[in-house]
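In the working numbering, the protein residues as written are -10 to 137. Each remark here refers to the structure printed beneath this line.
Encoded structure:
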């Protein structure tokens, strides 16, 4: 058995299915997490409301609903290849807000003011770096030529 041939075959399958899997994963996660917010079922509701409490317009409960539906829109637009660009734009706008707790609520995102020691909530937020990186990879495929 030639390891390189097996490895190449696996890599080709990964190349074929990786981008669609990434889009559908985004769709599921954003739709699922988003739909919980307008109905007050998200475990992140209080964090979100505490984060936006400083905004000079809108109430935290209103922002919770708006952001929830925004995430649902992200999820729906990731479902379809032709609307993926819209999904990525919506995602990047949403991601700006996801890091706001580090600025406005460090008492719940880091331990004893030490940004090198995130709390569980801080770790939950930091995982969004991987979401941003994945969106960059997905967006970078729009004009790639297949060499397979």
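Beta carbons: idealized from backbone N, C-alpha and C, even for Gly.
Can you tell which of the options has the C-alpha that lies nearest to the C-alpha of residue i?
i	options	result
residue 67	124, 104 and 103	124
residue 70	8, -3 and 1	8
residue 84	120, -3, 17 and 52	120
residue 91	78, 112, 76 and 81	112
residue 75	107, 122 and 12	12
residue 133	-9, 4, 105 and 122	4
Take residue i and list the residues in its own chain whose beta-carbon comes closer than 7 angstroms to its own, dropping the five residues that flank it on each side.
i	result
residue 87	114 and 117
residue 20	61, 64 and 65
residue 93	40 and 43
Bridge partners of residue i, per DSSP?
i	result
residue 99	107
For the putative contact between residue i and residue j, defined by C-beta atoms under 8 angstroms, what is the C-beta separation to the nearest angstrom?
i	j	result
residue 36	residue 110	6 angstroms
residue 27	residue 52	About 11 angstroms separates the two Cβ atoms, so there is no contact after all.
residue 128	residue 56	Not quite, the Cβ-Cβ distance comes to about 22 angstroms (not below 8 angstroms), so this is no contact.
Please classify residue i: is it buried, with 16 or more other beta-carbons within 10 angstroms of its beta-carbon, or exposed?
i	result
residue 34	buried
residue 30	exposed
residue 73	buried
residue 44	exposed
residue -5	exposed
residue -2	exposed
residue 10	exposed
residue 15	buried
residue 23	buried
Between which residues of its own chain and residue i is the CB-CB distance below 8 angstroms, once the five residues before and five after are set aside?
i	result
residue 107	98, 99, 100, 114 and 115
residue 79	59, 62, 63 and 66
residue 130	8
residue 54	26 and 27
residue 6	none
Is residue i near the ligand GTP, with its Cβ less than 7 angstroms from a heavy atom?
i	result
residue 87	Among the components modelled here there is no ligand, and therefore nothing to report on the ligand GTP.
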